[in-house]
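For reference, the structure discussed in these notes is given below.
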Ligand SMILES: [Zn+2]
Ligand SMILES: [Zn+2]
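Numbering (this note's numbering), first residue to last: 144 to 509.
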């Protein structure tokens, strides 16, 4: 079928909307008509750097309505509302042991620009266009994905609000709930108050964390962090973050979540850890780091890399939706909506910090 999709051509820059052809779903796949798709930093990173094949359609926080199901798909039917999360194989040792976000095929399946067999559901005048970004390439009016990466969406919450759960929101909330397992009265510092960091703040409040410290260089985002439950905010341009956190906590925090890729923040975050503290991070640093291993050992401290908040989407996303329904996870506070045609403006606003979580909407879908 003919669709509209935002295509990254040769070189780097924001994608442009073009007409493409989309194959029908193959066995195990579904076709989704998009109602909304979040813009994540990973999309902007791949678009604006020489990363990944071209031409390619990005987009990996899609939500919409199932239009067609491929052979062997029994769990979805046309008309079902779904959101799409990341791709995983479902059979490797990681997938079989509740570690789907660490699937051994995660890199080719999410970033390879094709299905595992090298094909793409997308083409233009018979020429392949790379798709299957995060198994979905949802910067488009329609997307084909594997059924296993789709999560049924409830009818009582707008899809534009649910879309970001598939990556950014589950990453931040999952880091706090699944990985750090922060609990009543514990202390957490979150470096970076973007959509991942603010999702972590909301999750920390929801689980009853004691002190929740948010750090960012954008005062508007710090204000949002306070509204969402941060007990303390620090602008690291104004105040030394390590000294400030030590002042607030005495011996350091139980947990740090670093959502930035700034080298100095990794070292600051590790320096803020109290005894048995855990430093979690969700993106790679811009350069190699020298970490004081003695400080880790003597304090029983640890460092933990995190992908997708360790989230198994079908188990975790419904829990976040229930918290949201109860008013304990107000993720609408993060979202600014744009029409699909405004994708460049949405990406620009994400980069400048004017929007925390841009979500593109498609008026023709319901
Ligand atoms: Zn796997
Ligand atoms: Zn993402």
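No residue lacks a Cβ here, since even glycine has one placed at the ideal position from N, Cα and C.
How many angstroms separate the CA atom of residue 475 from the CA atom of residue 304? In the chain shown, counting from the first residue as 1, residue 475 sits at position 332. In the chain shown, counting from the first residue as 1, residue 304 sits at position 161. Rounded to the nearest whole angstrom, the CA to CA distance from residue 475 to residue 304 is 6 Å.
Residue 509 versus residue 420 - alpha carbon distance: Against the chain shown, residue 509 aligns to sequence position 366. Against the chain shown, residue 420 aligns to sequence position 277. Because residue 509 sits at a pLDDT of 46, beneath the cut-off of 50, its placement in the model cannot be relied upon, and the following sentence gives the value as read from the coordinates. Distance between residue 509 and residue 420, taken at the CA atoms: about 45 Å.
Fully enclosed by the stretch 302 to 346, which alpha helix (DSSP H) runs are 4 residues long or longer? Within the stretch 302 to 346, complete alpha helix (DSSP H) segments of at least 4 residues are found at 302 to 305 and 311 to 317, given in chain order.
Alpha carbon to alpha carbon, how far is residue 462 from residue 226? In the chain shown, the residue the question calls residue 462 occupies position 319. In the chain shown, the residue the question calls residue 226 occupies position 83. Residue 462 and residue 226 have their C-alpha atoms roughly 14 Å apart.
Residue 467 to residue 157 span [Cα, whole Å]: Taking the chain shown and counting its residues from 1, the one referred to as residue 467 is at position 324. Taking the chain shown and counting its residues from 1, the one referred to as residue 157 is at position 14. If I take the Cα positions, the gap works out to 32 Å.
Would you check if there are 3 or more beta carbon pairs closer than 8 Å linking the stretch 369 to 382 to the stretch 424 to 434? Remark: fewer than three beta-carbon pairs, one from each stretch, lie closer than 8 Å, so the stretch 369 to 382 and the stretch 424 to 434 are not flagged as touching.
With a Cβ-Cβ cutoff of 9 Å, do residue 289 and residue 172 count as a contact? Working through the chain shown from its first residue, we reach residue 289 at position 146. Working through the chain shown from its first residue, we reach residue 172 at position 29. The answer is yes: Cβ separation under 9 Å.
Does the stretch 375 to 386 come close enough to the stretch 354 to 366 to have 3 or more Cβ pairs within less than 8 Å? As far as the Cβ criterion goes, the stretch 375 to 386 touches the stretch 354 to 366, which means the pair count is three or higher.
Residue 317 Cβ short of 8 Å to ligand 2 heavy atom set: Counted from its first residue, the chain shown places residue 317 at position 174. Every heavy atom of ligand 2 is 8 Å or more from the Cβ of residue 317, so no.
Per DSSP, which one or two residues make a beta bridge with residue 160? The count along the chain shown starts at 1 and reaches residue 160 at position 17. Per DSSP, the beta bridge partners of residue 160 are 149.
Alpha carbon to alpha carbon, how far is residue 410 from residue 433? Give it in angstroms, no decimals. Here the question's residue 433 lines up with position 290 in the chain shown. Here the question's residue 410 lines up with position 267 in the chain shown. For residue 433 and residue 410, the distance between alpha carbons rounds to 9 Å.
What residue range is occupied by the uninterrupted beta strand (DSSP E) comprising residue 288? Residue 288 sits at position 145 when you count from the first residue of the chain shown. It spans 285 to 289 - the beta strand (DSSP E) in which residue 288 sits, taken as one unbroken run.
Rounded separation between residue 403 and residue 175 - CA only: Residue mapping note: residue 403 aligns to position 260 of the chain shown, counting from 1. Residue mapping note: residue 175 aligns to position 32 of the chain shown, counting from 1. Rounded to the nearest angstrom, the two C-alpha atoms are 32 Å apart.
Cα-Cα separation, residue 296 to residue 223: Indexing the chain shown from 1 puts residue 296 at position 153. Indexing the chain shown from 1 puts residue 223 at position 80. If you draw a straight line from the Cα of residue 296 to the Cα of residue 223, it comes to about 8 Å.
Assign residue 451 to one of three DSSP states: helix, strand, or coil. For this step, residue 451 is matched to residue 308 along the chain shown. Three-state DSSP puts residue 451 in a helix.
Does DSSP classify residue 509 as helix, strand or coil? As a position in the chain shown, residue 509 is number 366, starting the count at 1. Residue placement at residue 509 is poorly supported in this model, since its pLDDT is 46, which falls under 50; the coordinates are not used for a value here.
So the alpha helix (DSSP H) residue 170 belongs to, where does it begin and stop? The residue labelled residue 170 in the question sits at position 27 within the chain shown. For residue 170, there is no enclosing alpha helix (DSSP H), as DSSP gives it neither H nor E.
Whose C-beta lies closer than 8 Å to the C-beta of residue 494 among residues of the same chain, with five residues either side of it excluded? Taking the first residue of the chain shown as 1, we reach residue 494 at position 351. Cβ neighbours of residue 494 beyond the five flanking positions: 187.
Three-state secondary structure assigned by DSSP to residue 471: Taking the chain shown and counting its residues from 1, one reaches residue 471 at position 328. The answer is coil: DSSP assigns residue 471 none of H, G, I, E or B.
At a cut-off of 8 Å, is residue 288 close to ligand 2 when judged by its beta-carbon and the heavy atoms of the ligand? In the chain shown, the residue the question calls residue 288 occupies position 145. For residue 288, the shortest C-beta to heavy atom distance toward ligand 2 is 8 Å or greater.
Could you pull the DSSP bridge partners for residue 195 from this structure? Working through the chain shown from its first residue, we reach residue 195 at position 52. According to DSSP, residue 195 bridges with nothing at all.
Just verifying my parser: in three-state terms, what is the DSSP assignment at residue 445? In the chain shown, counting from the first residue as 1, residue 445 sits at position 302. Strand at residue 445.
Any non-hydrogen atom of ligand 1 closer than 8 Å to residue 248 Cβ: Within the chain shown, the letter at position 105 stands for residue 248. The answer is yes for residue 248.
Provide the residue span of the beta strand (DSSP E) that contains residue 271, from first to last. One-based indexing of the chain shown puts residue 271 at position 128. Looking at the DSSP string, the run of the beta strand (DSSP E) that includes residue 271 is 270 to 272.
For residue 329, which residues in the same chain have their Cβ closer than 8 Å to its Cβ, ignoring the five residues on either side in sequence? Stepping through the chain shown from its first residue, residue 329 is reached at position 186. These residues qualify, in order along the chain: 352, 353, 397 and 398.
Of all residues in the structure, which have a C-beta closer than 5 Å to any heavy atom of ligand 2, taken in chain order? Any residue whose Cβ sits closer than 5 Å to a heavy atom of ligand 2 makes the list: 183, 185 and 310.
Here's a check: name, in chain order, each residue in its chain whose Cβ is nearer than 7 Å to the Cβ of residue 277, leaving out the five neighbours to either side. Along the chain shown, one-based indexing puts residue 277 at 134. Closer than 7 Å at Cβ, skipping near neighbours: 203, 229, 230 and 253.
Quick one: measure Cβ to Cβ for residue 322 and residue 408, integer angstroms, because I've assumed they're closer than 8 Å. By one-based count along the chain shown, residue 322 stands at place 179. By one-based count along the chain shown, residue 408 stands at place 265. Not a contact, Cβ separation roughly 18 Å.
Any non-hydrogen atom of ligand 1 closer than 8 Å to residue 237 Cβ: As a working note, residue 237 is residue 94 in the chain shown. The closest heavy atom of ligand 1 lies less than 8 Å from the beta carbon of residue 237.
Since residue 412 is in the alpha helix (DSSP H), which residue starts that stretch and which ends it? By one-based count along the chain shown, residue 412 stands at place 269. Bounds of the alpha helix (DSSP H) holding residue 412 are 406 to 414.
Ligand 1 heavy atom lying under 8 Å from the CB of residue 231: For this step, residue 231 is matched to residue 88 along the chain shown. Shortest gap from the CB of residue 231 to any heavy atom of ligand 1: under 8 Å.
What does residue 526 pair with, by DSSP beta-bridge criteria? Residue 526 lies beyond the range of the chain shown here (144 to 509); nothing can be said about it.
What's the call for residue 181, buried or exposed, on a 16-neighbour Cβ count within 10 Å? Within the chain shown, numbered from 1, the residue matching residue 181 stands at position 38. By the C-beta density criterion, residue 181 is buried, having at least 16 other C-beta atoms within 10 angstroms.
Distance, Cα to Cα, residue 103 vs residue 259? Shown here, the chain extends from 144 to 509; a query on residue 103 therefore has no answer.
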